Each structure stands twice: as C-alpha cells, then as structure tokens.
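Step one of this worksheet: look at the structure below.
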Amino acid sequence: MYTIENYMESVSSIRERCGSFEPEVAMVLGSGLGFLGEIVKDPIIIDYKDIPHFKHSTAPGHSGKLVLGRLAGKNVAVMQGRVHSYEGHTPEEVVFPIRVLNKLGAESLIITNACGGINTGFNIGDIMLINDHIMLYGMSPLRGPNQAGFGVRFPDMSTTYTPELRKTAHTAADALGIVLRDGVYFYFPGPQYETPAEIRAARILGGDAAGMSTVPEVIAARHAGMQILGFSLVCNMAAGVLDVKLTEEDVLAAAAEARPKFSALVLKCLELM
C-alpha cells in the first residue's frame with residue numbers, strides 16, 4: 358500500500374521539473390488519443406519511468422508521458438496514456454497518478470477512453486459523454502485502509518460525473534456542430550474483449566459503451582473531491598453487435614480518424630471551464 362509520503366515523493370519529483378507550475382486540470386488520454394498532449398504550449402515532458410512510483414504503460418497507443426503546460430487557456434497536466442489492471446497492476450497502482458496530480462494542484466479531471474459501442478444507436482466514430490458508469494468486475498481502488506489525506510471512507514458516487522461540466526460539454530458540442538452522445542460506461546477488466554453474451558447482459562443492465570479503463574481513476578478522483586468530465590470514443594461496436602472480429606488495430610485507426618472533432622470538443626470544453 359502507498360503512503361502519503363510516496364505520493365508526495367512523486368509530487369516533489371515533478372515539481373523539480375516544472376517549478377512553480379500548478380495544473381488546474383488533469384487530463385487522462387486513452388488508447389490512440391494522446392495527440393492532445395502534442396499541442397500543449399510551452400510543454401514540460403516527463404516520462405512516467407522518471408517519476409517515482411509511476412508505472413509504465415505497455416498498452417498500444419499509450420506513450421507513457423506526462424505533459425505539463427498550457428492548453429486552451431488552462432494550466433494542464435496531460436497523461437498521454439494510462440496503466441490498466443489487465444497489465445498486472447493493482448487498482449491502487451492504476452489510480453496513483455490521479456492522486457499525484459490532485460496533490461500537484463489539479464482540481465478537475467478530463468478523462469477519455471476508446472470504447473466499444475453497446476448501444477445499437479451508436480456509430481463508430483461517435484463521442485459519448487459519460488453520465489454514469491457500472492463496475493461489476495474488479496476491486497475498488499479505495500479498498501484497504503482509507504487514505505484520509507484524499508477523502509472520506511465512504512465517498513458518495515451519485516453525481517460522480519459533474520453535472521455542470523456535462524452541461525458545458527453539450528454547450529461546446531452544440532457550438533461546434535458535433536453530435537455528442539450521452540450514456541453509461543460499462544467497465545470490464547480485460548484484456549480479452551467481451552463476449553457477445555456479456556455485451557447483451559451489459560445492454561440489459563443499462564450500459565451504452567464498454568471499456569477496460571477509466572472507472573478506477575474516476576473513483577479515486579471522486580474520492581479526492583475532483584470535478585470530473587468523461588468522454589468515450591466509440592472505436593468499434595462491441596462484440597456481437599456486428600459480425601466482425603475485434604482488433605486493437607481497428608481501435609487505433611478509429612481514434613486517429615476522429616482526431617479533428619475529438620480535439621476540437623475537448624479544447625472547447627477546456628476553454629469554457
């Protein structure tokens with residue numbers, strides 16, 4: 358288990374590189390979506406392996422770098438990629454960077470992922486604003502002794518995805534003429550893709566999109582009192598929706614194709630926050 362000293366060691370290491378810079382917004386960019394980190398102004402780039410206690414991402418499309426700088430008028434800390442439980446990490450290790458960025462000063466979190474569409478009304482390339490999530494698999498990152506330096510033992514999850522920020526996202530999408538879906542993200546631990554039967558079950562339970570990330574980090578961010586805005590990019594239709602084989606290559610290709618509108622939407626949200 359990490360101690361508060363471990364988190365502060367990482368904070369101190371980052372501050373040695375960035376000086377007095379404090380991020381207002383932390384951003385976690387999922388599979389193939391790290392391109393936003395490439396347009397940060399006056400960037401300070403730190404490899405995860407150079408930050409104490411950070412785990413290095415091994416998933417495709419995750420470069421494993423922290424980028425600090427200015428984006429759309431805001432001080433940001435951009436995580437180009439994340440670590441996942443399926444890489445062999447504990448939930449606490451998965452959320453470690455979120456807690457570090459919170460201690461570095463970030464009070465808001467924009468989190469993104471590449472997902473599979475469960476809702477048959479969705480299309481590949483659609484962006485879904487996450488309004489809630491379902492996690493039936495895996496352990497909570499809050500399991501074990503409570504880290505009182507971040508939050509209370511039993512955090513409320515009824516408005517996890519900040520209503521005001523969700524309104525901001527819809528305002529931004531309308532201004533840009535982007536169709537923004539709204540739905541529930543269903544967490545699966547992976548790394549195998551879901552079976553058609555699992556997707557049918559998830560649909561019955563109210564899931565609109567399926568993915569292997571995001572929820573652990575969101576739980577930790579909520580525990581720490583952060584404001585949260587989440588987006589899922591539909592990079593494929595989930596298992597059984599279409600008669601096609603699911604591959605990581607298709608996911609990354611769909612993310613690349615959606616780059617212009619996805620970037621525009623996130624930047625507009627940052628501007629309006």
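With the numbering used here as the guide, the letters of the sequence shown map in order to residues 358 to 630. Backbone N, C-alpha and C fix where the C-beta goes; we use that ideal spot for every residue, glycine too. The structure presented is a predicted model; accordingly, all values stated were derived computationally and were not measured.
Check whether the Cβ atoms of V591 and I481 sit closer than 8 Å, and answer yes or no. As a working note, residue 591 is residue 234 in the sequence shown. As a working note, residue 481 is residue 124 in the sequence shown. In this structure, I481 lies closer than 8 Å to V591 by Cβ.
Buried or exposed for Q437, please, with buried defined as at least 16 other CB atoms from any protein chain shown within 10 angstroms of its CB. For this step, residue 437 is matched to residue 80 along the sequence shown. Q437 should be labelled buried.
Name the two residues that bound the continuous alpha helix (DSSP H) containing R560. Reading the sequence shown from its first residue, position 203 is the one you call residue 560. 553 to 562 is the span of the alpha helix (DSSP H), which, as asked, contains R560.
For V452, name the three-state secondary structure that DSSP assigns. For the purposes of this step, residue 452 is identified with residue 95 of the sequence shown, where counting begins at 1. In the structure shown, V452 sits in a helix (DSSP, three-state: H, G or I).
Which of helix, strand or coil DSSP assigns to H490: Translated into the one-based positions of the sequence shown, residue 490 becomes position 133. Strand, per DSSP.
Cut-off 6 Å between Cβ atoms - residues of its own chain near I408, not counting five sequence neighbours on either side: By 1-based counting over the sequence shown, the position of residue 408 is 51. Contacts found: S367, S370.
In the DSSP assignment, what are the bridge partners of V591? Working through the sequence shown from its first residue, we reach residue 591 at position 234. According to DSSP, which records beta bridges pairwise, V591 is partnered with C472.
With distances taken between CB atoms, is the gap from N593 to G473 smaller than 8 Å? Counting from one through the sequence shown, the residue named residue 593 turns up at place 236. Counting from one through the sequence shown, the residue named residue 473 turns up at place 116. Yes, the pair counts as a contact, with Cβ atoms nearer than the cut-off.
Rounded to whole angstroms, what's the CA-CA distance from L624 to A429? Just pull it up for me. Within the sequence shown, residue 624 is the residue found at index 267, counting from 1. Within the sequence shown, residue 429 is the residue found at index 72, counting from 1. Between L624 and A429, the C-alpha separation is close to 6 Å.
Distance, E449 Cα to S442 Cα: Position 85 of the sequence shown, counting from 1, holds the residue named residue 442. Position 92 of the sequence shown, counting from 1, holds the residue named residue 449. Distance between the alpha carbons of S442 and E449: 9 Å.
A611 versus I484 - alpha carbon distance: Numbered from its first residue, the sequence shown carries residue 611 at position 254. Numbered from its first residue, the sequence shown carries residue 484 at position 127. Near 11 Å, if we compare the C-alpha coordinates of I484 and A611.
Drop a sphere of 10 angstroms on the beta-carbon of Q549, count the other beta-carbons inside from all chains shown, and report buried for 16 or more, exposed for fewer. Stepping through the sequence shown from its first residue, residue 549 is reached at position 192. When all chains shown are included, Q549 counts as exposed.
If you draw a straight line from the C-alpha of G501 to the C-alpha of Y359, how long is it? Taking the first residue of the sequence shown as 1, we reach residue 501 at position 144. Taking the first residue of the sequence shown as 1, we reach residue 359 at position 2. G501 and Y359: Cα-Cα distance of roughly 11 Å.
Mark R439 as exposed unless 16 or more other C-beta atoms lie within 10 angstroms of its C-beta, in which case mark it buried. Along the sequence shown, read from residue 1 onward, the residue named residue 439 stands at position 82. Counting Cβ neighbours within 10 Å, R439 comes out buried, since at least 16 surround it.
If you follow the alpha helix (DSSP H) that L627 is part of, which residue opens it and which one closes it? As a first step, residue 627 is located in the sequence shown; it is residue number 270 there, counting from the start. Taken as a continuous stretch (DSSP letters only), the alpha helix (DSSP H) holding L627 covers 616 to 629.
Quick check on the DSSP output: the alpha helix (DSSP H) that includes A532 runs from which residue to which? The residue given as residue 532 occupies position 175 in the sequence shown. That run of the alpha helix (DSSP H) goes 520 to 533.
Starting from M365, trace the alpha helix (DSSP H) both ways and give me its first and last residue. For the purposes of this step, residue 365 is taken as residue 8 along the sequence shown, with counting starting at 1. M365 -> alpha helix (DSSP H) spans 361 to 375.
Contacts around P380, its chain only, beta-carbon distance under 7 Å, and the 5 residues preceding and following it disregarded: Indexing the sequence shown from 1 puts residue 380 at position 23. Taken in chain order, the residues that qualify are L425, N432, V433, A434, L458, L461, G462, A463.
Pairwise C-alpha distance: P512 and H580: The residue labelled residue 580 in the question sits at position 223 within the sequence shown. The residue labelled residue 512 in the question sits at position 155 within the sequence shown. In a straight line, the C-alpha of H580 is about 6 Å away from that of P512.
What does DSSP give as the partner residue(s) for L537 in the beta ladder? Here residue 537 refers to the residue found at position 180 of the sequence shown. In DSSP, L537 forms a bridge with I484.
Looking only at its own chain, which residues have a Cβ that is under 8 Å from the Cβ of M514, when we skip the five neighbours before and after it? Locating residue 514 in the sequence shown gives position 157, where the first residue counts as 1. Only I576, R579 meet the Cβ criterion.
3 or more residues per run - each beta strand (DSSP E) lying fully within the region 370 to 444: 382 to 386, 398 to 404, 422 to 428, 431 to 437
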